[in-house]
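Mapping of the sequence shown onto UniProt numbering: position 152 corresponds to residue 398, and the numbering continues sequentially without gaps.
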Amino acid sequence: EKGGYDYFMLKEIAEQPKAVADTLLGRTDGSGSLTLDEVRIPANVLREVGKVVIVACGTAFHAGLIAKYAIEHWTRVPCEVELASEFRYRDPILDQQTLVVAISQSGETMDTLMALRHAREQGAKVLAICNTNGSTIPRESDAVLYTHAGPEVAVASTKAFLTQLVACYLVALYLGQVRGTKYADEIRAVVRDLGSIAGAVERVLETMEPVRELARSLAEKDTVLFLGRHVGYPVALEGALKLKELAYMHAEGFAAGELKHGPIALIEEDLPVVVVVPSPRGRSVLHDKIVSNIQEIRARGARTIVVAEEGDDAVVPYADHLIRVPVTPTLLQPLVATVPLQVFACELATARGNEVDQPRNLAKSVTVE
Ligand code: F6R
């Protein structure tokens, strides 16, 4: 049932192009418009939404962090993202105009379930993004947008994460489409671009051998740091989480702009630092800033592992290892940039002799608080 792969995780990483394509199926069309009738929250209700609040745990929370950039940009509606385990204990401000989005692969995560119950008690509308048909979270929500990743068996989430991102982009674009914003043209263009993402993920997967080799060479290390900016920041957090849970290594993700506010003190000779570089187009200011971050850490001895878009030549002189990802619209970059970090963590775990599909102390679905 592992389809010829040694681990479910490898199989699930490989299934990502299909998972992404299946999650888009029937929801977008070539003309750049979206059909999300299944969401069942009427357009007039969506037009009245004054705030979006995303609640989730772990990897699903990282998808939520990325969604915030997309939602606020395309809809101009304020969006908060909160760990479900923190949310209901701080008396959050919710009302009928609040759209709460609960993201969960399993649909059974207790913290996320309790957060959505709390939100509904306060009168908020809840939309679930979920991978498991008929599970508790979608059953208790006002509406659900299913991700079509197929069953995810490995404890560490991979294909579910990519499809959560796709679902989040769909929600953001749909909200923008329904409400009408000055970004209408951009929204149509991105909907069309989504169609090429599965192919882009496929291309990333075809170029992973050097990443696996690099991972094996780092098996004796104690620490790996991850840096990113903009949507690359949650990607850095996700890369670090994968490494913690699979390789049992000390791994931390930082916003690159925070380096000089503390984390740069951690940089020492030969410390591996993965840097997720935003596109040189779009957010070019951020691109230039992260290039100087790479220079700064390299000058202090870091071994730089740079994830950058094809054709981004500015990073080449400062990258000890360069991992290329295809050109995508800025906000969609996490769909391709996360994949090498999954492969990296999986290979490091294998090299360290760890149980890839069933890391110690972890459960696939956390049904207790
Ligand atoms: C990490 C991982 C966990 C889950 C988290 C939420 O690889 O799998 O962090 O993402 O426990 O689970 P769901 O999405 O089922 O609510």
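C-beta: ideal position from N, C-alpha, C; glycine also.
Candidates the options: closest to residue i by CA position
{"i": "leucine 270", "options": "Leu282, His364 and Glu247", "result": "Leu282"}
{"i": "arginine 449", "options": "Pro586, Ile510, Ala501 and Lys490", "result": "Pro586"}
{"i": "residue 190", "options": "Val562, Glu294 and Ala597", "result": "Nothing can be reported for residue 190, as the shown portion of the chain is limited to 247 through 615."}
{"i": "alanine 365", "options": "Ile349, Ile259, Ile375 and Asp341", "result": "Asp341"}
{"i": "serine 525", "options": "Asp534, Glu328 and Ala609", "result": "Asp534"}
{"i": "threonine 274", "options": "Ala497, Ala482 and Ser442", "result": "Ser442"}
{"i": "threonine 469", "options": "Asp431, Glu386 and Pro509", "result": "Pro509"}
{"i": "alanine 435", "options": "Val531, Ala306 and Gly422", "result": "Gly422"}
{"i": "isoleucine 339", "options": "Arg385, Thr321 and Lys297", "result": "Lys297"}
{"i": "valine 477", "options": "Leu416, Ala497 and Ala502", "result": "Ala502"}
{"i": "alanine 406", "options": "Ile569, Pro563, His567 and Ile259", "result": "Ile259"}
{"i": "tyrosine 479", "options": "Leu329, Leu292 and Tyr315", "result": "Tyr315"}
{"i": "leucine 440", "options": "Leu451, Leu416, Ala465 and Lys428", "result": "Leu416"}
{"i": "arginine 334", "options": "Pro324, Val346 and Cys325", "result": "Val346"}
{"i": "valine 291", "options": "Leu373, Glu455, Glu504 and Ile349", "result": "Leu373"}
{"i": "glutamate 459", "options": "Phe307, Ala591 and Asp337", "result": "Ala591"}
{"i": "cysteine 376", "options": "Glu367, Thr409 and Val401", "result": "Thr409"}
{"i": "proline 288", "options": "Asp388, Leu256, Asp268 and Gly250", "result": "Asp388"}
{"i": "alanine 565", "options": "Val602, Ile536 and Val531", "result": "Ile536"}
{"i": "serine 350", "options": "Ser331, Phe307, Met255 and His319", "result": "Phe307"}
{"i": "glutamate 514", "options": "Arg546, His507, Glu328 and Glu332", "result": "Arg546"}
{"i": "valine 424", "options": "Asp268, Leu280 and Arg570", "result": "Leu280"}
{"i": "glutamate 261", "options": "Val399, Ala413 and Cys325", "result": "Val399"}
{"i": "proline 397", "options": "Glu601, Ala313, Pro563 and Glu247", "result": "Glu247"}
{"i": "residue 226", "options": "Ala413, Lys264, Asp431 and Glu601", "result": "Residue 226 lies beyond the stretch modelled for the chain, which goes from 247 to 615, so this question has no answer here."}
{"i": "alanine 465", "options": "Met495, Glu452 and Pro456", "result": "Met495"}
{"i": "glycine 276", "options": "Ser530, Gly528 and Ile433", "result": "Ile433"}
{"i": "lysine 506", "options": "Ser538, Gly249, Glu484 and Val520", "result": "Ser538"}
{"i": "lysine 264", "options": "Tyr251, Tyr429 and Leu451", "result": "Leu451"}
{"i": "arginine 286", "options": "Tyr420, Lys257 and Ala511", "result": "Tyr420"}
Cβ separation of residue i and residue j, assumed to be a contact under 8 Å, to the nearest whole Å
{"i": "isoleucine 540", "j": "valine 561", "result": "7 Å"}
{"i": "glutamate 354", "j": "threonine 613", "result": "5 Å"}
{"i": "proline 518", "j": "arginine 549", "result": "5 Å"}
{"i": "alanine 482", "j": "valine 266", "result": "21 Å between Cβ atoms; not a contact."}
{"i": "threonine 344", "j": "alanine 309", "result": "Their Cβ separation, rounded to whole angstroms, is 19 Å, which puts threonine 344 and alanine 309 out of contact at 8 Å."}
{"i": "alanine 418", "j": "valine 582", "result": "Not quite, the Cβ-Cβ distance comes to about 18 Å (not below 8 Å), so this is no contact."}
{"i": "phenylalanine 472", "j": "alanine 486", "result": "5 Å"}
{"i": "glycine 278", "j": "arginine 438", "result": "5 Å"}
{"i": "methionine 454", "j": "valine 323", "result": "Going by Cβ atoms, the distance from methionine 454 to valine 323 rounds to 37 Å, so no, they are not a contact pair."}
{"i": "arginine 475", "j": "leucine 568", "result": "Contact flag wrong, Cβ pair sits at about 18 Å."}
{"i": "threonine 404", "j": "threonine 321", "result": "The pair is not a contact, with the Cβ atoms about 28 Å apart (cut-off 8 Å)."}
{"i": "aspartate 516", "j": "methionine 255", "result": "Wrong, their Cβ atoms sit about 28 Å apart, outside the cutoff."}
{"i": "alanine 348", "j": "leucine 362", "result": "5 Å"}
{"i": "leucine 411", "j": "isoleucine 317", "result": "About 12 Å; that fails the 8 Å criterion."}
{"i": "valine 299", "j": "glutamate 326", "result": "5 Å"}
{"i": "valine 523", "j": "aspartate 558", "result": "7 Å"}
Cβ-heavy atom distance, residue i to the ligand NAD, below 7 Å
{"i": "serine 350", "result": "No copy of the ligand NAD occurs in the structure displayed; its ligands are the ligand F6R alone."}
For a minimum of 4 consecutive residues, which ranges assigned as the alpha helix (DSSP H) are wholly contained in the region 511-546? Qualifying alpha helix (DSSP H) stretches, in chain order: 530-545.
Would you call the region 374-392 and the region 557-576 in contact, with 3 or more CB pairs under 8 Å? No, because fewer than three Cβ pairs between the region 374-392 and the region 557-576 fall closer than 8 Å, the two stretches do not touch.
Does the pairing of the region 482-501 with the region 605-612 give three or more beta-carbon distances under 8 Å? Taking a cut-off of 8 Å for Cβ pairs, the region 482-501 and the region 605-612 touch, as three or more such pairs fall below it.
In chain order, each beta strand (DSSP E) run of at least 3 residues that lies wholly inside the region 374-401: Those beta strand (DSSP E) runs which fall completely within the region 374-401 and span 3+ residues are 389-392.
Entirely within the region 301-348 and at least 3 residues each: give me those beta strand (DSSP E) ranges in chain order. For the region 301-348, whole beta strand (DSSP E) runs of length 3 or above, ordered along the chain, are 325-329.
Any 3 or more C-beta pairs closer than 8 Å across the region 377-386 and the region 554-564: Because the criterion of three Cβ pairs below 8 Å is not met, the region 377-386 and the region 554-564 do not touch.
Uninterrupted alpha helix (DSSP H) stretches inside the region 435-460 (no shorter than 4 residues): List check, alpha helix (DSSP H) in window: 443-452.
Evaluate contact between the region 301-317 and the region 356-374, counting only Cβ atoms and requiring at least three cross-stretch pairs below 8 Å. The region 301-317 vs the region 356-374: in contact.
Beta strand (DSSP E) runs wholly inside the region 247-305, at least 3 long, in chain order: Entirely contained in the region 247-305, the beta strand (DSSP E) runs reaching 3 residues are, in chain order, 297-302.
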